[in-house]
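Structure, as structure tokens:
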Amino acid sequence: MPIIWIAFLAFLALIVWTVIRLTREHPRHDNGAAHQETADEILDRRYARGEIDADEYRQARANLTEHRRKE
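According to this note's numbering, the sequence shown holds residues 15 to 85 in order.
Written out as structure tokens, the structure is:
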């Protein structure tokens, strides 16, 4: 009888592990598609983390705006 309980608990643990793994490793938007960062989001994140200073941020933002106008 203990073997049945151990197997049941192992199966339950597998289900919990699977659910946690599926929900944490794949960030999703409302439509279910994985999110790919835009150039603006990457730039904002780098500035927020201090990887680039205000002058670099403004220049990169201007470059992105210029690039969009050409498209």
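Built from N, CA and C at the ideal position, the CB exists for glycine as well.
Check	Outcome
Range covered by the alpha helix (DSSP H) that runs through E80	A68 to K84
R63 to D54 span [Cα, whole Å]	14 Å
Cβ-Cβ separation, L57 to R83 (assumed contact under 8 Å), whole Å	With 8 Å as the limit, R83 and L57 do not qualify as a contact, their Cβ atoms being about 17 Å apart.
Assumed close pair I66, R60 - CB separation to whole angstroms, cut-off 8 Å	5 Å
Inter-residue spacing [alpha-carbon to alpha-carbon] between T52 and A24	41 Å
E55, enclosing alpha helix (DSSP H) - first and last residue	A53 to R63
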